[in-house]
Structure formats: C-alpha cells, structure tokens
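Protein chains in written order, with this note's numbering: chain A, 50 to 421; chain B, 141 to 498.
Read through the structure below, which is laid out as structure tokens, and then see the notes.
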Amino acid sequence: MREHWDKALRILAEEALLGALGDAGIERPEAIWVGNMMSGQLSSQENLGALVADHAGLRGIEAFKVEAACASGAAAFRNAFLAVAGGMMDIVAVCGVEKMTDTMGDATTAALAGAADAVYEGEHGLSFVGLNALLMQRYMYEHGYQRRDFAGFAMTAHRNAVGNPNAMFRREISLEAFERAKPIADPVGLLDSAGIADGAAAAVLMPTAMARAHGLRCVRIKASASGTDAVALHDRRDPLVLEAGVLSSQRAYSQAGITPPELDFFELHDAFTIMSALSLEASGFAPRGGGVRLALDGEIALDGRLPIATLGGLKARGHPVGATGMYQIVEAVQQLRGDAGRNQLPNCRLGMTQNIGGSGANIVTHIFERVE
Amino acid sequence: MADTPAATARARVMRPMRDVGIVGYGAYVPRYRLPAGEVSRIWGGDGPVTAKAVAGPDEDSVTMGIEAARNAMARACIRAEDLRAVWVGSESHPYAVKPSSTMVAEALGATPEILAADLEFACKAGTEAIQAAVALVGSAMGDYALAIGADTAQGRPGDALEFTAGAAAAAYIIGPAEDALAVLEGSYSFVTDTPDFWRRPREHYPQHAGRFTGEPAYFRHTLGAARGLMEALSIDAAQIDYAVFHQPNPRFPERAAKELGFAREQIAPGMLVDRIGNAYAGSSLVGLSAVLDACQPGQTILHLSFGSGAGSDAFLWRTTDRLRDRQGLAPNTLAYVSRAKEIDYGLYARFRNKLRLH
C-alpha cells in the first residue's frame, strides 16, 4: 500500500472487498461493515456503508460505516463478529478503507485531530502528533529513557516490511537514521511515526463450523473485545497507562481462556513508537515503563519471544487510518494460515491484534487461533 | 495510470518540413546566492541543494532574458533584423497583461518587423518557446526565431520549495540546419491535465500538492516524453552522449536518468541545480547551455523539460562542426554559475519583495 493517486475511496474498498469475497468463495454476504474514519472530511463522502455495498455490486444487503477513529477497522470487525457470534447473521464481510491523499497537509492534519478531544485538545492547537509527543516526553522523563531507546520499534517494523510486497516502505532503517530523523513534534521524529497512506483491507466472517463444512481455509476468532477511556489525555487516570488497552486485552484473554505468554505474535498499533511501548504494557507483556525494554532486548523481532509488526506494522506497511485495523487482522490471518511468505512465523497458533483509536480512547483487541 | 509501451509505440516524432537547429545559445544567471543553510537557519529543516540564485532588486525575467538573448545573438552571428519571432516562456512574466517578448525584441533591436508573444506552462514554457521557434523556422515562415526560458521563481517563506526556487534564463536562436551549431533530430511532447502545482491570479505564491508532484507529475511526463522520443527514433541511452533534465532538485533528474538508462557522467555537465537552484522555465535550458559549452562536434544531447500542469517536451540535438567556433563567442554558463555573491535571508527577503512595506 502507498499513495494510490489513481484510486478513489470507493475503488479501494471495492477491490479489497471483492478480493476477500473471492477468497471465501462468497458472492453475496448478508451485510458489510465498513471501517473508516475520515471519508466525510477528506472525500466529502458519508453514507459509506451503502456506497461501498452498491459499488461492489451488493446493492440491497445491509451495510453500515463504523467509526472509532484509528480503531475503525477493528471496530467494524467487532460489530460484524457480534452479528455472527450472536446468531443473527451467517455470512458477513468487513472492509476497512481510508483515502488520505486527496487533501494536503493542513486539511489532513485537521481531520486526524478529530481523533482527539476537539474542544479541550484540538481548540488549543494540540495536533495528534503533539499529543503523542507529550506522552513520549513524559514517559522518557518518568522512566529514564532516551529517544534512541525507541528505535527498535521502527527498525523492527521496517526490517519486517522488506519481506512484504504490500508494504509501503520496504527498506530497513539504521539506528543512525532514526536518531537523525527530522523532528516533527519533539521528541517524536519522522521515523517514530507511521506515514499517511491510502489502502483497504477486507475479510469475510462466518460460523467456524460453516467454514469448515465448505472446506474453506479459515482462522478462528477466539476473542473479540474492546474498551474505552477518556478521549482527552488530561482526563486519563494515568496518561501513561492505556486503560482501554488493559480492559480490552483482559477481556480478550478471558474470552480466549489464555494468558499473554501463550501468544505467538502481537500485531500492535505502532502509529507512534510510544504507542508500541504503551500497548505492550497495557496488554500485560511488560510492567509500567517496561515496554521499551522489550525493544531494547530484541524480544519484538521476528525471531524474538514476542514478534510484533510481523509484516511491517503501521510504521512500514502503512497506516491508512480507518483501514489499519483490518490490515492487522488480515496479516494475523496470513500468519496463522501459513501465507506470510518470507515473514512466516514457524508453528504459530495464536495471534493478537490491537487497534487503538485516538491517543487510547477506544481500543479493540482480537485473538485469532489457527484451525487445523 | 501506467503509460504502457503499447501507448508510447504510437508516438510520432515531430520534425519540421526543413531541417533546423540551434544557431546561437546563451545563458544568464544572477550573481546573488542564498545558501540553503540560510533558509534552514530561519525555518529549520534541510534543503536538497547547496544554494540558489536570487535575482537582484533590479532584475526580472525580462532583464535576464535580454542578457541571455544577447549572448545567443553573439554566438549566432546574425543581425537583430534577421530575427522573425521572439517567444518568451516564463511563469514570472512581470505583467499579467503586457508581453515580456516585446521588451526583449525592442532591447535587441529586432522591432518592428517581428512576431512576439509570451508563453506559460509552468517550468516548460521555455521549451514551448523552442517548439514554436522550430515550427516557425521549419515551415520557412522565418529564418531565425528566438526562444527564451526565464524565471525569477518565488518560494513561499517556510515552504520546502523555498530552498530551491531560483532564477536564471537561457535563450536559443533557432535557424536553418545549414547555419546550426546543433541540429534538431526530432522533438516530442507528452502532456496531460495533472494539477500538481498552480497559482491563481491574485495569489503571490504558487501552491503545490506535495508528493503528488513526483510520480504522477514529474516522472510520468518526463519519462513519457523521453520514452516517446527515444522509441520513435529507435535510440537508447547508450547511443546518446548527454541528457539534460528539468531540475527541481537533484534527486528527481538523477532518478529519471537512471530509469532511462543514463549514467551519471552523461547527465553531470547539465546538472546545475545544486549551485543555482531550480530556474523553473529556465532550468533545462540553462542546463542545456552548460552541456553545449562542454560538447564536442558530432555529439547528441537528449533535452527534456517538465512543466507542472503537466507536461514534458523532449528534443534530440546533434552538435555540428560549427559548435567549436561559436562556444567562445559569449560567456559560458559555468562562468555565470561561479560568479557568485552570497547573501543572507534578510537581504533575500528584501530583494524578493517578501517584506510588506505598506
């Protein structure tokens, strides 16, 4: 994925959706959920559920857009899961899509700021990058880290993207490049943050028994959970703890009946290096302040104890905001089906995806299991 | 959006009814230089060049065009009355209505029996002027036509383009091949409506669409024009001596050259952007003059422009024996490039009218 200058919002969605339906051998799902954050502001297009359904040749089915800022993709998936798991529907599709290159600089930044609190954060000039910079600065101060200590998150993502033909940036970055990177909002530099992109990713959900009966190569959804927190950073109980991440991952572990060490990989939301660190802590892989240690100790590498961003993550595969959650899910499925090519994790059985909306206000976590 | 080989196979090279070529060429670069470090000092960030040329307070596209034209006349060894047309391409004509070309024609002594007009197509207005001159001479409507590309580009303060928006001019007198120091083998043009960079009438600074100015604009059109011409003439990079490109920064032309199969040495003589910045409508024309200064007779030069909006003109020139006698008849391009006086950001802001005086 990258800037798709020649593909409009609806085309991106259609391509991903039809790809997923084809993969599942399904012509017509009962419903589609479209995960997207900014179609209104960036493409002057709301009513996205109906638009995507119609454009994909599925006029008449049920269709809805789901928005949860940068967690829109996984939030759409959660809603689709609820419909099927709750027995109300059998075959549904989910598509996460975002088109970010039809507007420039200021307009895009303003739209992204909608993920934060418009009145108490936006009106005061806090950009989304600015919020993450505040978090990173405080984290470094409290836990005694330097900027370069975060490099492992970006470097791992880039290294993994080399093996992913769909990734936006397929080149490794060095520690020197990370340190020298242009500052965006101190201490966040260019290589701490995922870049804008256009993209779409889709999946088809159905009861596991039905999938197996039809001989489909499926992956089981072992847990689907989410949680919310105050949108404004200053309203959080502890800004350096993603409460919504704790809630949603705990709920997910409980549903799946597993503990964190049993996971084989974690597709976390590495929109900013600080978010990677906080996600690892919120999900129980490190104590408060210990997330960065996992990067420093190489535990997050593809051959480490807890691989993250196995196909490039948000940083190197790309972060088309509303589509990201679905990219994470599709990549988890690829790993568990054995379709991850050069980046295939040997013998992986359980993987977790976590999609963060805003600076941590809405976090959606899923756990997937290989089906034999 | 790919322009496939099948599409470019339909390319038809443009050749006039009689053979024409460059009978005289000349460049002009203002002496002032704003180091990129000065822009960094004020705005932060880094630029892709070392310095850019800045027009002085009493210079504009017309004054620069006139000096470049005088150099071209000196090399052409013709009289002003022999000129049949003067075309000036620029995106910084001093007037929105009132031609630059008439001032140039008058300054050279070529009026009143002269055709004159101004052209605009962003950075490719200069090569547009060359195409028009080729057509006029090639159809025998006139024997000599003057084409100028000149710009005093304005960078919006704080914008990335401020590092590179420079100033320079070059002039080409097109005449019959029998008089030429470089004959035209053929030309080609590749144009679409692609709005990557624009300025509305009452705006002082242009706007650009960021990364959209790359792949869908510069590369698509430059490579489209180059491949169209090269395929139509059945020639590849190995068979051409030099290539000169439009130079908005060093990276774009280097990458385009590489994609077309040109080696670094083939583009080096024409690459001036690092020292003088992007001269917009003058960019590839000034680059070409530097190449002509360095050429031997019997060498070929692929000359490519790019103008936002967007399009690219491609020319294949072949130098003749006459080049040797004419190169030294006017100051060479590198002499202008090297004649440099560094200024600071404050003086630059004053010279370029960025300070509101009322």
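Beta carbons: idealized from backbone N, C-alpha and C, even for Gly.
Asked, Found
"Given this structure, state the Cα-to-Cα distance separating Ser275(A) from Pro310(A), to the nearest angstrom.", "20 Å"
"Could you name the residues of the stretch 331 to 353 of chain B whose beta carbon sits closer than 9 Å to any beta carbon of chain A, in the order they occur along the chain?", "Gln347, His348, Ala349, Gly350, Arg351, Phe352"
"With 7 Å set as the bound, which would you pick, yes or no: does the beta-carbon of Pro188(B) sit closer than that to a beta-carbon of chain A?", "no"
"Measuring only between beta-carbons, confirm whether Met153(A) sits less than 7 Å from chain B.", "yes"
"So what's Met141(B) in DSSP terms, helix, strand or just coil?", "Residue confidence for Met141(B) is low, a pLDDT of 44 falling below 50, so the modelled location carries little weight and cannot support an answer."
"State yes or no: is the beta carbon of Trp54(A) nearer than 7 Å to at least one beta carbon in chain B?", "yes"
"Identify which residue in Arg285(A), Trp82(A), Gly145(A) has its Cα closest to the Cα of Asn128(A).", "Trp82(A)"
"With burial defined as no fewer than 16 other Cβ atoms inside 10 Å of the residue's Cβ, what is the status of Ser223(A): buried or exposed?", "exposed"
"Straight-line CA distance for Pro287(B) to Gly266(B)?", "Sequence inspection shows Ala at residue 287(B); the Pro mentioned does not correspond to that position. Rounded to the nearest angstrom, the two C-alpha atoms are 7 Å apart."
"Ends of the alpha helix (DSSP H) at Glu380(A)?", "370 to 386"
"In whole angstroms, give me the CA-to-CA distance for Thr148(B) and Pro393(B).", "Residue confidence is low: Thr148(B) scores 49 on pLDDT, short of 50, so the model does not pin down where it sits. No coordinate-derived value is stated."
"Among Val163(B), Asp283(B), Trp183(B), which residue has its Cα nearest to the Cα of Asp222(B)?", "Asp283(B)"
"Let me see if you follow: with CB-CB separation under 7 Å, is Pro170(B) close to chain A or not?", "no"
"For the alpha helix (DSSP H) that Asn128(A) lies in, which residues bound it at each end?", "121 to 134"
"Taking the alpha carbon of Glu221(A) as the point to measure from, which residue in Ile233(A), Ala105(A), Gly201(A), Ala281(A) has its own alpha carbon closest?", "Gly201(A)"
"Report the start-end ranges of each beta strand (DSSP E) in the stretch 367 to 433 of chain B that is 3 residues or longer and not cut off at the edges.", "382 to 384"
"Buried or exposed for Lys398(B), please, with buried defined as at least 16 other CB atoms from any protein chain shown within 10 angstroms of its CB.", "exposed"
"Decide if Gly71(A) is buried, meaning its Cβ has at least 16 other Cβ atoms within 10 Å, or exposed.", "exposed"
"Determine whether the Cβ of Pro297(B) lies closer than 7 Å to any Cβ atom of chain A.", "no"
"Going along the stretch 231 to 245 of chain A in order, which residues come within less than 9 Å of chain B, judged by CB to CB distance?", "Lys231, Pro232"
"What are the start and end residues of the beta strand (DSSP E) that includes Tyr446(B)?", "Before going on, a small fix: residue 446(B) reads as Phe here, not Tyr. Segment: none, Phe446(B) is in no beta strand (DSSP E) and carries neither H nor E."
"If we count the other Cβ atoms within 10 Å of its Cβ and call it buried at 16 or more, is Ala470(B) buried or exposed?", "buried"
"Quick one: give me the first and last residue of the alpha helix (DSSP H) that Val179(B) is part of.", "176 to 183"
"Please go through the stretch 200 to 255 of chain B and give each complete beta strand (DSSP E) segment of 3 or more residues, from N-terminal end onward.", "223 to 229"
"Compute the Euclidean distance between the alpha carbons of Arg386(A) and Pro356(B), then round it to the nearest angstrom.", "37 Å"
"Which stretch, first to last residue, makes up the beta strand (DSSP E) that contains Gln94(A)?", "Unbroken run through Gln94(A): none, as it is neither H nor E."
"Return the residues of the stretch 353 to 364 of chain B that lie within a Cβ-Cβ distance of less than 8 Å from chain A, sorted by chain order.", "Glu355, Pro356"
"Using the three-state DSSP reduction, which class does Gln393(A) fall into: helix, strand or coil?", "coil"
"Compute the distance between the beta-carbons of Lys481(B) and Arg171(B), then report whether it is under 7 Å.", "yes"
"Since His283(A) sits in a beta bridge, which residues does DSSP pair it with?", "His283(A) pairs with nothing; no bridge assigned."
"Decide if Trp457(B) is buried, meaning its Cβ has at least 16 other Cβ atoms within 10 Å, or exposed.", "buried"
"Tell me whether Met141(B) is buried or exposed, calling it buried when 16 or more other Cβ atoms sit within 10 Å of its Cβ.", "Unreliable positioning characterises Met141(B) in this predicted model, as indicated by a pLDDT of 44, which lies under 50. The coordinate reading is nonetheless provided below. Met141(B) should be labelled exposed."
"Determine the direct distance from the alpha carbon of Asp258(B) to that of Arg296(B), and round the result to whole angstroms.", "25 Å"
"So what's Val331(B) in DSSP terms, helix, strand or just coil?", "strand"
"Tell me whether Ile110(A) sits in a helix, a strand or coil according to DSSP, three-state version.", "coil"
"Buried or exposed: which applies to Tyr485(B), given that a residue is buried once 16 or more other Cβ atoms fall within 10 Å of its Cβ?", "buried"
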